[in-house]
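2 protein chains.
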Amino acid sequence: MNPQVKAVEYAVRGPIVLKAGEIENELRKGIKKPFTEVIKANIGDAHAMGQQPITFLRQVVALCTYPNLLDSPSFPEDSKKRARRILQGCGGNSLGSYSASQGVNCIREDVAAYIERRDGGVPADPENIYLTTGASDGIATILKILVSGGGRSRTGVMIPIPQYPLYSAAISELDAIQINYYLDEENCWALDVNELRRSLNEAKTYCNPKVLCIINPGNPTGQVQNRKCIEDVIHFAWEEKLFLLADEVYQDNVYSESCQFHSFKKILYEMGPDYCNNVELASFHSTSKGYMGECGYRGGYMEVINLHPDIKGQLVKLLSVRLCPPVSGQAAMDIVVNPPVPGEESYAQFIKEKESVLNNLAKKAKLTEDMFNQVPGIHCNPLQGAMYAFPRIFIPSKAIEAAKVHKMAPDMFYCMKLLEETGICVVPGSGFGQREGTYHFRMTILPPVEKLKILLEKVKDFHIKFLKEYS
Amino acid sequence: MNPQVKAVEYAVRGPIVLKAGEIENELRKGIKKPFTEVIKANIGDAHAMGQQPITFLRQVVALCTYPNLLDSPSFPEDSKKRARRILQGCGGNSLGSYSASQGVNCIREDVAAYIERRDGGVPADPENIYLTTGASDGIATILKILVSGGGRSRTGVMIPIPQYPLYSAAISELDAIQINYYLDEENCWALDVNELRRSLNEAKTYCNPKVLCIINPGNPTGQVQNRKCIEDVIHFAWEEKLFLLADEVYQDNVYSESCQFHSFKKILYEMGPDYCNNVELASFHSTSKGYMGECGYRGGYMEVINLHPDIKGQLVKLLSVRLCPPVSGQAAMDIVVNPPVPGEESYAQFIKEKESVLNNLAKKAKLTEDMFNQVPGIHCNPLQGAMYAFPRIFIPSKAIEAAKVHKMAPDMFYCMKLLEETGICVVPGSGFGQREGTYHFRMTILPPVEKLKILLEKVKDFHIKFLKEYS
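Top line first, the protein sequences correspond to chains B and D.
To get this note's numbering, take the position in the first sequence, counting from 1, and add 22.
To get this note's numbering, take the position in the second sequence, counting from 1, and add 22.
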């Protein structure tokens, strides 16, 4: 048994989710509970919560899957145009062929064009684009390439706390060193460069810090970094020769009027040649989040710049062992970066569907923040972006003792009770990391508005009862 | 830079394939060559070679992708029935939801039912089925779980030589020890248990051998193991407490009249409770090979039996970090294990398409063997199964010297020259491993018959010229 595998933890699908599965089975068998269904607010899985797929995306993928449909009058011409182009990029014009390990060429070209548009003309080279099996695969692969050494020269990887546990899991698996920097909860989960510096200097005494991971918009914390903050981070990475890893899968999920998404790539270029010719940066995107929520397709890409040519060769080699990312996921990614444009037949419907999803999410972000903050003993920062609330919860000392008896972290104890009493499945903050003595949970805002309201009411009632029970 | 990553080699997409890509670019730019196209016979990529998808499989996946089509009269009822069933197993009835990490439940049930049918009623439990991102992902994951230790207690993994280089690459990445056992070229690449024993005993002096990998039908060697041989291997694994890893992705690709595919699982059960309750076995299948050739979907499954419950828990956790295999690939896998049956509307067409592919492959297997064996200095064993020829080639000592000057392995030198002079891309035997002093290459038999004939003629002419040039 591999000890590094043993050390891996992944709370988003951890013990609480296994328990939720058991409860679902019991409900199916007719066992009575104080609720009739389990609501899985543990994972950002939009379609599972009833969100409808973007029609255009599915039309194109269906056409690629079964090209006989290219003759069907019920598919719009712009979807056929895209499907033909994707198929021309595939061996034998088939989604069933392996693509190049780096991904289908024309899709990488579309990704590069998307990045250039998004970043106001900053150049993007298709040679620096790698299609991936979801963003997770890209992140794990880049970390695998960068990690090395034993003892005090073991590679250190800086990650935010709270973090998305893919990071800690990949670091465990690779036997690298996790370096925590704390986001500032009092300041709306902002990233402070002084905290980066503290954490780095401490880490230098016991490992070799080489990578700095940023999640923007934040998961699980939902903050959106402002321009100044990104500039500070880039300057810090440049100064300290850190490889920057920018997880930007929530780039379309920004809700606060006062916030805007800035890509690390764009700011890096705007900071001038000293930075943009030197700082190594990998940034990630995915089909799973945004307005499309196509998690099951496992589509994604990464853009990697300033990578040393030798390391680039190693990266391509490593990717080639797994042959290629799923080609249907690549096709889905293509539509995310190459959607209908004004003048095209599908444009109006596409925009309507996209805006409906995003406006709904914005509404739910505000609703969640407001309702949580009405509950005594719960404090929730504004959900500026992404798709989660990460409220801080007060857990009385009697409950902490009770948790100890059950050999659970206090917030795990809280979330287990919430699940058992209400059927609501959320993930304890301890699965993401949090400052000692503070407790949180992560909940998605994906259920439909009416359902989300009921869910938030239930959490409120549970919390008040919990406080009473353990006061 | 991770030194284990540096150590990885993967010849199937190695330097010769990069060179092929360069030549293709030159051809596109109008640079004159002695040929007009590069023929990529380096990789088992059926659709890229012109094989058509199985209609029924694509119909079901298209219906799942774009469920509006469920109302279309141009899709047969049996394809709709399957699509509805798959969608009911998906969160929110969408391919865009994450599935359980182990895969969609009803698809795992279909896989288990398929295995029971295939193995004449030997029971299969859906709980032991894990859907994967192609077989490669499953193999790499199982190896990751099993590997541990440093120094003389490092895990040893026994692999055939010649092997499929995914194995050596995964072993390098995991910093485990590769233990070679040689297949018997003189005896049609048969596996001999005495050779297993020799190789194991030798390895015991420097590592802790724990895993025995078998590829049946063989890749790159094309042999099909007989029942007696499988029994011997199982007995050996039982005796030596080795974890058996049976790569059976070519189970539908058996061409020799005298050969039949036997699954390790079936034989294990027929050997009785002492074996089937104790020997740990993981066996693998895929959408990529067989008659469907759906490589791009990255569909696959593994069945793992007699795994210790603790290790099983670790396996599920490890899979959960990557969330789930691509759901459209899972849907494709479902159709491979649950194809149309007699009485269903699509049965006749399905069988016609399936048999056409397999009969063609059988014809090409014989053609390839016969034509290679007519060339002086080439010897080719019968292609009993899989989709490759692995002929032995005589390389004159003058050519070996010339290769040395170019710092290449002699068979790499040969294959590079073949590529440059004819446009035919094959993989040198050194990428798979071979007995010292012998030389081979791997070539797929996937091009259409007429093209394959031309290709084999070209190899013949090249070989004769090569022998003259270096004699």
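Glycine included, C-beta positions come from ideal geometry on N, C-alpha and C.
{"Asked": "Where B:Ala84 meets chain D, residues with beta-carbon distance less than 8 Å", "Found": "Ala84, Thr87, Tyr88, Leu91"}
{"Asked": "Residue-chain proximity (B:Ala333, chain D), Cβ-Cβ < 7 Å", "Found": "Correcting the residue type first, residue 333 of chain B is Ile in the shown sequence and not Ala. B:Ile333 counts as touching chain D."}
{"Asked": "Interface positions of the stretch 104 to 119 of chain B facing chain D (Cβ-Cβ less than 8 Å), listed along the chain", "Found": "Cys112, Gly113, Gly114, Ser116, Leu117, Gly118, Ser119"}
{"Asked": "Beta-carbon proximity check, D:Thr154 vs D:Gly318, cutoff 7 Å", "Found": "no"}
{"Asked": "Separation of D:Ala268 from B:Gly453, as counted between CA atoms", "Found": "36 Å"}
{"Asked": "7 Å Cβ cutoff met for B:Leu222 and B:Leu266", "Found": "no"}
{"Asked": "Chain-ordered chain B contacts of D:Thr155 [CB-CB under 8 Å]", "Found": "Thr155, Arg320, Arg344, Pro348"}
{"Asked": "Sequence-distant residues of the same chain with beta carbon closer than 6 Å to D:Met71, five excluded per side", "Found": "Leu468, Pro469"}
{"Asked": "Cβ of B:Leu489 within 7 Å of any chain D Cβ", "Found": "no"}
{"Asked": "Residues that B:Leu340 contacts on chain D, provided the C-beta gap is smaller than 7 Å", "Found": "Val27, Val30"}
{"Asked": "Among D:Phe412, D:Ala354, D:Ser378, the one whose alpha carbon lies nearest that of D:Arg130", "Found": "D:Ala354"}
{"Asked": "C-beta contact flag for D:Gln352 and D:Val126 at 7 Å", "Found": "yes"}
{"Asked": "Coarse secondary structure for B:His330, derived from DSSP in three states", "Found": "coil"}
{"Asked": "Inter-stretch contact at 8 Å, needing at least 3 Cβ pairs: the stretch 408 to 426 of chain B / the stretch 239 to 253 of chain B", "Found": "yes"}
{"Asked": "Beta carbon proximity, B:Asp132 to chain D, threshold 7 Å", "Found": "no"}
{"Asked": "Alpha carbon of B:Asn230 to alpha carbon of D:Thr227, nearest angstrom", "Found": "35 Å"}
{"Asked": "Residue range of the alpha helix (DSSP H) that includes D:Thr154", "Found": "Unbroken run through D:Thr154 is the beta strand (DSSP E), 151 to 155; no alpha helix (DSSP H)."}
{"Asked": "DSSP state of B:Gly178 mapped onto helix, strand, coil", "Found": "strand"}
{"Asked": "Of the residues B:Glu217, B:Met438, B:Cys235, B:Asn209, the one placed nearest B:Gln200, counting alpha carbons only", "Found": "B:Cys235"}
{"Asked": "Contacting residues, own chain, Cβ-Cβ under 6 Å from B:Ala198 (five flanking each side not counted)", "Found": "Val169, Thr177, Val179"}
{"Asked": "Beta-carbon contacts of D:Val448 that lie in its chain and below 7 Å, excluding the five residues immediately before and after", "Found": "Ala63, Asn64, Cys437, Leu440, Phe463, Arg464, Met465"}
{"Asked": "Check whether D:Gly240 and D:Trp260 have beta carbons under 7 Å apart", "Found": "no"}
{"Asked": "Residue from D:Arg174, D:Gly294, D:Asp159, D:Asp274 whose Cα sits closest to the Cα of D:Glu253", "Found": "D:Gly294"}
{"Asked": "Min CB distance D:Gln336 to chain B below 7 Å", "Found": "yes"}
{"Asked": "Within-7 Å CB hit, B:His69 to chain D", "Found": "yes"}
{"Asked": "Neighbour flag for D:Lys480 against chain B, beta carbons, 7 Å", "Found": "no"}
{"Asked": "Opposing strand residues paired with D:Glu391 [DSSP bridges]", "Found": "Beta-bridge pairing links D:Glu391 to no other residue."}
{"Asked": "The stretch 79 to 96 of chain D / the stretch 79 to 95 of chain B touching (three or more Cβ pairs under 8 Å)", "Found": "yes"}
{"Asked": "Buried versus exposed, by CB contacts within 10 Å (16 or more), B:Pro145", "Found": "exposed"}
{"Asked": "Three-state secondary structure assigned by DSSP to D:Met409", "Found": "coil"}
{"Asked": "Alpha helix (DSSP H) segment containing D:Cys128, residue limits", "Found": "127 to 140"}
{"Asked": "Cα-Cα separation, D:Ser308 to D:Val359", "Found": "10 Å"}
{"Asked": "Residues bridged to B:Arg414 (per DSSP)", "Found": "B:His401, B:His462"}
{"Asked": "Residues of the stretch 140 to 167 of chain D whose Cβ lies closer than 8 Å to any Cβ of chain B, in chain order", "Found": "Thr155, Gly156, Ser158, Asp159, Ala162, Lys166, Ile167"}
{"Asked": "Contiguous alpha helix (DSSP H) assignments of at least 4 residues, all confined to the stretch 307 to 351 of chain B", "Found": "331 to 343"}
{"Asked": "Cβ neighbours of D:Met393 in the same chain (closer than 6 Å, five flanking residues each side left out)", "Found": "Leu478"}
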